[in-house]
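Only one structure is covered here, and it is reproduced in the block below.
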Amino acid sequence: RLRGIMSLISLNDVSIAFGHKLLLDHANLQIDNGERVCLVGRNGTGKSTLLNVLRGALPPDEGTVWRMDTLRIAHLEQDVPEDLSATVYQTIAAGLPELGQVLSDYHDASHTIADDDAASLARLAQLQQRIDDLGGWNLSQKVELVLSRLALPPDLLVSECSGGMRRRVMLGQALVSEPDVLLLD
């Protein structure tokens with residue numbers, strides 16, 4: 137191990153099986169800060185299972201999984217959901233847990249506000265205060281940056297996007313939280 141390299145995740149003697157099919161047999165893996173790892177294999181050999189173990193969605197049958205305490209993991213599913221009725225902005229902002237919904241609501245409210253509508257102005261002020269309370273203006277800039285870098289139109293419905301654009305939207309949702317580890321299935 138080199139000085140200055142920090143382990144993010146490690147698997148020690150991890151085994152997992154589904155029925156009689158053993159997918160991981162006493163596997164060991166360590167992912168260090170700054171590493172890029174590619175997992176290649178045929179369908180059905182356990183790649184998605186390994187990713188689910190790494191992110192904590194699936195506990196191993198045997199062995200131990202260690203993750204750095206402050207580790208942020210984002211995961212991009214293999215299949216893009218078909219039933220996305222939200223806008224691109226809303227979908228990407230959803231990558232920021234509670235704040236994402238507040239930012240989406242603020243984005244929508246700011247686009248539909250009328251100057252003489254007191255209720256709309258009050259709602260906008262309430263959302264603005266909530267974003268302030270959560271320290272969210274910097275995170276709003278992160279959503280805008282992801283939209284810009286991935287060349288995504290914020291107000292387009294995801295359901296109207298092509299398959300490739302939907303994939304970029306889901307990548308944006310994973311990237312907006314600035315994860316330490318990004319798992320692409």
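For the sequence shown, our numbering gives the first residue as 137, with consecutive numbering after it. Every residue, glycine too, gets a C-beta built ideally from N, C-alpha and C.
With a 10 Å radius around its C-beta and 16 neighbouring C-beta atoms as the bar for buried, classify CYS174 as buried or exposed.
exposed
Those residues which DSSP pairs with SER143 across a bridge:
ASP168
Skipping 5 residues on each side, what residues in its chain have a beta carbon closer than 7 Å to that of ALA153?
Within the same chain, ALA153 has close Cβ partners LEU159 and ASP197.
Could you give the residue range of the beta strand (DSSP E) that holds ARG203?
198-203
Quick check on the DSSP output: what are the complete alpha helix (DSSP H) runs of length 4 or more inside the region 248-291, in order along the chain?
254-269 and 273-285
Starting from ALA210 and walking both ways along the beta strand (DSSP E), at which residues does that stretch end?
Unbroken beta strand (DSSP E) run through ALA210: 209-212.
Within its chain, find whatever has a CB closer than 6 Å to the CB of VAL150; leave out the 5 residues flanking it on each side and keep chain order.
Excluding sequence neighbours, VAL150 sits near LEU160, ALA163, PRO196 and GLY199.
In angstroms, rounded to a whole number, what distance separates the CA positions of VAL312 and ILE209?
12 Å
Is ASN179 helix, strand or coil when you go by DSSP?
coil
Measuring CA to CA, which of SER221, ARG172, ILE228 and SER295 is closest to LEU281?
ILE228
ASP161 in three-state terms, based on DSSP:
strand
With DSSP as the reference, identify every bridge partner of VAL150, one or two as the case may be.
Answer is ALA163, bridged to VAL150.
Local Cβ density within 10 Å of THR206, reported as buried at 16 or more and exposed below that:
exposed
Expressed to the nearest angstrom, what Euclidean distance is found between the alpha-carbon atoms of LEU320 and ALA245?
Between the C-alpha atoms of LEU320 and ALA245 there is a straight-line separation of about 33 Å.
With a threshold of 6 Å on Cβ separation, who are the neighbours of GLN214 within its own chain once the five nearest residues in sequence on each side are excluded?
ASP321
Exposure of GLN265, with buried meaning 16 or more beta-carbon neighbours within 10 Å:
Around the C-beta of GLN265, fewer than 16 other C-beta atoms lie within 10 Å, and the residue is accordingly described as exposed.
Determine whether the beta carbon atoms of LEU190 and ILE145 lie at a separation below 9 Å.
yes
Mapping DSSP to helix, strand and coil, what is THR223?
strand
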